[in-house]
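Protein chains in written order, with this note's numbering: chain A, 325 to 697; chain B, 71 to 694.
Quick reminder that beta carbons are idealized off the backbone N, C-alpha and C, glycines included.
Treat the numbers as computed from the prediction; the structure is a model and nothing was measured.
Have a look at the structure below, then the notes.
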Amino acid sequence: MALSFYVHIPYCIKRCGYCDFNTYTPNELQVGATLEIVSNDYIDAVLKELDAAPRDVVPTIFFGGGTPSLLPADDLGRFIAAIKARNGLTPDCEITLEANPDSVTSEKLSRYIAGGFNRISFGMQSAKPHVLAVLDRTHNPENVKRAVDMARAAGFASISVDLIYGTPGESLDDWRETVTTALSLDIDHISAYALIVESGTKLAAQIKRGELTMPDDDLMADMYLLVDQLCQIRGFSWYELSNWSKPEHECRHNIAYWENRDWWGLGPGAHSHIGGKRFWNIKHPTAYKQKLFAAETPIAESEVLTPEQIATESIMLGIRMREGLDMTKLSKTQIERLANFGENGFIEITDNRVVLTPTGRLIADRIVREITF
Amino acid sequence: MPAISLAKAPQPASTDPAQIRNFCIIAHIDHGKSTLADRMLGITEVVDPRNMRAQYLDRMDIERERGITIKSQAVRLPWRSGIDGNEYILNMIDTPGHVDFTYEVSRSLAACEGAVLLVDCAQGIEAQTLANLYLAMENNLTIIPVLNKIDLPNAQPEKFAAELAKLIGCEPEDCLRVSGKTGDGVKELLDQIVKQIPAPKGDPDAPARALIFDSVYDSYRGVVTYVRVIDGHLTPGEQIQMYSTGVRHEALEVGVISPEPVASKGLGVGEVGYLITGVKDVRQSRVGDTITTYNNPTKHALAGYKDPKPMVFSGLFPLDGADFPALREALDKLQLNDAALVYEPESSAALGFGFRCGFLGLLHMEIVRERLEREHKLNLISTAPNVVYNVTMDDGKEVRVTNPSEFPNGKVAVVKEPIVKSTILAPSEFIGTIMELCQERRGMLLGMDYISEDRVEIRYDLPLAEIVFDFFDQLKSRTKGYASLDYEEKGDAEGNLVKVDILLQGEAVDAFSAIVHRDKAYAYGVMMTGKLRQLIPRQQFDVPIQAAIGSRIIARESISAIRKDVLAKCYGGDISRKRKLLEKQKEGKKRMKMVGRVEVPQEAFVAALATDADIEKVKAARKL
Numbered sequence: 325m326a327l328s329f330y331v332h333i334p335y336c337i338k339r340c341g342y343c344d345f346n347t348y349t350p351n352e353l354q355v356g357a358t359l360e361i362v363s364n365d366y367i368d369a370v371l372k373e374l375d376a377a378p379r380d381v382v383p384t385i386f387f388g389g390g391t392p393s394l395l396p397a398d399d400l401g402r403f404i405a406a407i408k409a410r411n412g413l414t415p416d417c418e419i420t421l422e423a424n425p426d427s428v429t430s431e432k433l434s435r436y437i438a439g440g441f442n443r444i445s446f447g448m449q450s451a452k453p454h455v456l457a458v459l460d461r462t463h464n465p466e467n468v469k470r471a472v473d474m475a476r477a478a479g480f481a482s483i484s485v486d487l488i489y490g491t492p493g494e495s496l497d498d499w500r501e502t503v504t505t506a507l508s509l510d511i512d513h514i515s516a517y518a519l520i521v522e523s524g525t526k527l528a529a530q531i532k533r534g535e536l537t538m539p540d541d542d543l544m545a546d547m548y549l550l551v552d553q554l555c556q557i558r559g560f561s562w563y564e565l566s567n568w569s570k571p572e573h574e575c576r577h578n579i580a581y582w583e584n585r586d587w588w589g590l591g592p593g594a595h596s597h598i599g600g601k602r603f604w605n606i607k608h609p610t611a612y613k614q615k616l617f618a619a620e621t622p623i624a625e626s627e628v629l630t631p632e633q634i635a636t637e638s639i640m641l642g643i644r645m646r647e648g649l650d651m652t653k654l655s656k657t658q659i660e661r662l663a664n665f666g667e668n669g670f671i672e673i674t675d676n677r678v679v680l681t682p683t684g685r686l687i688a689d690r691i692v693r694e695i696t697f
Numbered sequence: 071m072p073a074i075s076l077a078k079a080p081q082p083a084s085t086d087p088a089q090i091r092n093f094c095i096i097a098h099i100d101h102g103k104s105t106l107a108d109r110m111l112g113i114t115e116v117v118d119p120r121n122m123r124a125q126y127l128d129r130m131d132i133e134r135e136r137g138i139t140i141k142s143q144a145v146r147l148p149w150r151s152g153i154d155g156n157e158y159i160l161n162m163i164d165t166p167g168h169v170d171f172t173y174e175v176s177r178s179l180a181a182c183e184g185a186v187l188l189v190d191c192a193q194g195i196e197a198q199t200l201a202n203l204y205l206a207m208e209n210n211l212t213i214i215p216v217l218n219k220i221d222l223p224n225a226q227p228e229k230f231a232a233e234l235a236k237l238i239g240c241e242p243e244d245c246l247r248v249s250g251k252t253g254d255g256v257k258e259l260l261d262q263i264v265k266q267i268p269a270p271k272g273d274p275d276a277p278a279r280a281l282i283f284d285s286v287y288d289s290y291r292g293v294v295t296y297v298r299v300i301d302g303h304l305t306p307g308e309q310i311q312m313y314s315t316g317v318r319h320e321a322l323e324v325g326v327i328s329p330e331p332v333a334s335k336g337l338g339v340g341e342v343g344y345l346i347t348g349v350k351d352v353r354q355s356r357v358g359d360t361i362t363t364y365n366n367p368t369k370h371a372l373a374g375y376k377d378p379k380p381m382v383f384s385g386l387f388p389l390d391g392a393d394f395p396a397l398r399e400a401l402d403k404l405q406l407n408d409a410a411l412v413y414e415p416e417s418s419a420a421l422g423f424g425f426r427c428g429f430l431g432l433l434h435m436e437i438v439r440e441r442l443e444r445e446h447k448l449n450l451i452s453t454a455p456n457v458v459y460n461v462t463m464d465d466g467k468e469v470r471v472t473n474p475s476e477f478p479n480g481k482v483a484v485v486k487e488p489i490v491k492s493t494i495l496a497p498s499e500f501i502g503t504i505m506e507l508c509q510e511r512r513g514m515l516l517g518m519d520y521i522s523e524d525r526v527e528i529r530y531d532l533p534l535a536e537i538v539f540d541f542f543d544q545l546k547s548r549t550k551g552y553a554s555l556d557y558e559e560k561g562d563a564e565g566n567l568v569k570v571d572i573l574l575q576g577e578a579v580d581a582f583s584a585i586v587h588r589d590k591a592y593a594y595g596v597m598m599t600g601k602l603r604q605l606i607p608r609q610q611f612d613v614p615i616q617a618a619i620g621s622r623i624i625a626r627e628s629i630s631a632i633r634k635d636v637l638a639k640c641y642g643g644d645i646s647r648k649r650k651l652l653e654k655q656k657e658g659k660k661r662m663k664m665v666g667r668v669e670v671p672q673e674a675f676v677a678a679l680a681t682d683a684d685i686e687k688v689k690a691a692r693k694l
């Protein structure tokens, strides 16, 4: 068996208005503290958590956040070395770093390569300053090209950018420009996500107060179809609902999630899935560290999936992928219910597999409800 | 000490009518009737101070919360007059206070010789109080005008004394001034009741005649019937007979309320009390009916008996179809205590199985629905209330329509609808606004009078259907809450009425059909199709929504097919969350009703049919 690792870095210099991730600014954790103060023993805590994980060989590691690129490259390298020593890495092990285009330098990038990283994903979000302003992103859009070029020069084998569409005030033309700009970069992979207004965020409050208005679903749908079309033209094919890549550049770490493989999430609030059991850690970094330094488990809750839940999850995840669902694993009723979607051009069936068309991908959740209820 | 202990007071069945005073209190909601009644219970010492609680006589939660009385009470209060020093028995009959219960009020008034007209001297008289005052005057009751809440800083006793004096034809200084809250003036009021209200008259030797002015179902004792003896007497153990039905029962127990029930040796002329026969259904003991004895029955019923007649109909459907038997059971139970409630099973293509229920009016409808939801834990959808229409076809056939979906499709010659005579009281600055509203609602002005310098009484004939359709809410909001409304039936009139159907994907949704004036059909169609477009989620296909009169489409909207129904992100921690959301949505899907191929959430039915107040309720429930 193989075991993928996710490492959560719960720090950001500033919280973006739309973000509800489990991340904290140094000041939120300790008034007046710097990042160094709040994070200096963080990798030590995570290394302690690692002790509890199985020792299977590791095909992928993903450092997400928060802003992993805020931590010293050597700390992250130290961690990769520990996993390598303990579990062993597969020869083609994919090791990804999520990075803010503003917080990287050539020198830092070289040190990430030296530490073992071979894939980097930049949070580009948009090429339009007015869109970035609404999202509360601090970076200058021109920094993205610089960051991508530096990463390539430093030796990253796979480079990705994250994009967000459907930001209040973003037009279809704005989005076209963002996608075109992204595709003009020296990248191998694009993730594009529709903006979700999460309750409790600054964005949600701005919308509630009427300061911002979310675009309607029709515009969102057009934006999705546009990115899909532009990616295809440039040789990036979709392999998961929100992900496109050049051949051989699919993110294998994320595929592990979608194929329900075993993976262990390290860090506060991180989720794990091992052999049909899901569990997750307490959310707050301080509490997380305290538990580990007191030699206690940081696991907050767990659930053992029933066969029915496992079946639901594999439909829910599988349908989002290029390979689609294996029809032989569906019941007669489920196949009957799918027929209707076929007539309306939402799905295609080839070689006993159900694959979503672009318009079908846009209503994937509805199709899942239809066949799992 | 004017109070007399119960044991020493004149006893039931042996009280001289000359010592009896029967009175009721006419007041509007919030004008302090219950507080004054509480104060009277305290001052006459029938309730021990330790056992006193607020709104002592309102038994149901719903009565306390809304400050309304649904069921009457009659309390026997012993009192020694501070004027002549003699002992008296005061029977206070608490009356329901709402337009829907005018008939019940009229029967309570018929049980009294006098009425205390209680008016909040910060607000002045309200339309329903005025209507009840006129009713009392028609019944030749002695009216004692009383201004309440004189302790309030914004009290205007002079202004409202003048208003009352003008209305009942007395001098402003004849108005008593009390504070139910502090007790000021309450003893004087009791003395004036003794002094001004005549003693009851009746023939003790004539065949018994007692007026039923309310009946209440008690799960332990069966129906408790409240009566006022006019002639003769009622004795426990005797065979009694209901005049209207001829049904005979044994009087198992006869007694008085003081303020808890106390069995007595009987009830004599002029006395007020209760009777228990062991029947289990208030419909066997009808308000307004005459009770006599089986062995020596009277030949002359008391005047004024009427069968309760439902004026407003609405369909009640359980949200969960499995609750249908529970709804039936709950209605059966409520009917034991509510002779005016009628219902019959109904099936709606959109809402499933339910009941078409008839009510005295909107408040009655709300109370029934609230009691079903609260006391019987049912979640209900109610269709928009409608009145009863009498439709005559071209071929002369007549159809009585209590449900818009029953409106005949053939050639209609005449449609008749109920008309009410309404009275609106309001500050004169709102005359224009009120007339505008009444004109919009097809009203016909009957007249207008100033009841004081700056307050007017406006009288209109209005179709009841217009009142049922949010008239009261509109009246309140357009007059900043100052106007009050009362109305009474005034027969049927021909109206230019049509049925508007609402179609989803070409299929009529019975629950949304409405009978409206032809001039308003288009507005109704536009409103309803617009509302539904907002409420029905987008489907996999386009859904046309149309409003139609017969086969003619008068308004249309369209819900375009859904294009996006997916969450973009699905990584580590998202997976459990997404699966749980899916499981939750699965539950939600059970609450969808299928109309043809269209999935309509039940909330959409509720919101489309509901009033603004209902929508607030739904919103509040969602927040919990």
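Cβ-based burial, residue i [other Cβ within 10 Å; buried from 16]
{"i": "SER566(A)", "result": "buried"}
{"i": "HIS513(A)", "result": "buried"}
{"i": "ASN676(A)", "result": "exposed"}
{"i": "VAL484(B)", "result": "exposed"}
{"i": "PHE539(B)", "result": "buried"}
{"i": "ALA85(B)", "result": "Looking at the sequence itself, residue 85(B) is Thr, so the reference to Ala does not match. Buried, because 16 or more other Cβ atoms sit within 10 Å of the Cβ of THR85(B)."}
{"i": "PHE560(A)", "result": "buried"}
{"i": "LEU516(B)", "result": "exposed"}
{"i": "VAL355(A)", "result": "exposed"}
Residue of the options minimising C-alpha distance to residue i
{"i": "VAL349(A)", "options": "ARG602(A), GLY341(A), ASP540(A) and LEU359(A)", "result": "Note that residue 349(A) is Thr in the sequence shown here, rather than Val. Comparing Cα positions, the closest option is LEU359(A)."}
{"i": "PRO682(A)", "options": "GLU558(B), ASP562(B) and ARG633(B)", "result": "ARG633(B)"}
{"i": "VAL485(A)", "options": "SER515(A), LEU456(A), THR491(A) and VAL458(A)", "result": "SER515(A)"}
{"i": "ASP580(B)", "options": "THR453(B), VAL216(B) and LYS550(B)", "result": "THR453(B)"}
{"i": "LEU401(B)", "options": "GLU183(B), LEU205(B) and PHE425(B)", "result": "PHE425(B)"}
{"i": "LEU543(A)", "options": "PRO334(A), PHE441(A) and GLU494(A)", "result": "GLU494(A)"}
{"i": "SER621(B)", "options": "LYS659(B), GLU627(B), ASP635(B) and VAL568(B)", "result": "VAL568(B)"}
{"i": "TRP604(A)", "options": "ALA624(A), ILE598(A), ALA618(A) and LEU400(A)", "result": "ALA624(A)"}
{"i": "ALA545(A)", "options": "LEU590(A), GLY490(A), ALA326(A) and GLU572(A)", "result": "GLY490(A)"}
{"i": "ILE659(A)", "options": "VAL331(A), GLU647(A) and ILE673(A)", "result": "ILE673(A)"}
Proximal chain C residues relative to residue i, where beta-carbon distance stays under 7 Å
{"i": "ASP541(A)", "result": "Among the chains of the structure shown, chain C does not appear; the protein chains present are A and B."}
Rounded Cβ spacing between residue i and residue j (contact assumed at less than 8 Å)
{"i": "ALA477(A)", "j": "SER430(A)", "result": "7 Å"}
{"i": "ILE159(B)", "j": "GLN89(B)", "result": "6 Å"}
{"i": "ALA580(A)", "j": "TYR548(A)", "result": "That pair is no contact at about 24 Å."}
{"i": "ASN92(B)", "j": "ALA181(B)", "result": "6 Å"}
Cut-off 7 Å between Cβ atoms - residues of its own chain near residue i, not counting five sequence neighbours on either side
{"i": "LEU554(A)", "result": "VAL503, THR504 and LEU507"}
{"i": "ALA371(B)", "result": "TYR313 and THR360"}
{"i": "GLU669(B)", "result": "GLN609 and MET662"}
Spatial neighbours of residue i in its chain, beta-carbon cut-off 6 Å, leaving aside the 5 residues before and after
{"i": "GLU627(A)", "result": "ARG602"}
{"i": "ASP586(A)", "result": "LEU327 and ILE598"}
Contact set for residue i: own chain, Cβ-Cβ below 8 Å, skip 5 residues either direction
{"i": "LYS693(B)", "result": "Only weak support exists for where LYS693(B) lies, its pLDDT of 41 falling under 50; the value from the coordinates is given anyway. There are no such residues."}
Does the segment 488-501 of chain B come close enough to the segment 592-609 of chain B that 3 or more CB-CB pairs lie under 8 Å?
Touching, no.
Decide if the segment 337-353 of chain B is in contact with the segment 115-127 of chain B; the criterion is three or more beta carbon pairs, one per stretch, under 8 Å apart.
The way I'd put it, the segment 337-353 of chain B doesn't touch the segment 115-127 of chain B; fewer than three beta-carbon pairs between them come closer than 8 Å.
Stretch pair the segment 390-397 of chain B + the segment 299-311 of chain B: three plus CB contacts closer than 8 Å:
By the criterion of at least three beta-carbon pairs nearer than 8 Å, the segment 390-397 of chain B is not in contact with the segment 299-311 of chain B.
Taking contact to mean at least 3 C-beta pairs separated by less than 8 Å, is the segment 420-439 of chain A in contact with the segment 384-402 of chain A?
A contact exists between the segment 420-439 of chain A and the segment 384-402 of chain A.
Taking 8 Å as the threshold, find out whether the segment 642-650 of chain B comes into contact with the segment 607-621 of chain B through three or more Cβ pairs.
Under the Cβ criterion (8 Å, minimum of three pairs), the segment 642-650 of chain B does not count as touching the segment 607-621 of chain B.
Between the segment 505-521 of chain B and the segment 470-487 of chain B, can you find at least three pairs of beta-carbon atoms closer than 8 Å?
Contact between the segment 470-487 of chain B and the segment 505-521 of chain B is absent: fewer than three C-beta pairs spanning the two stretches fall below 8 Å.
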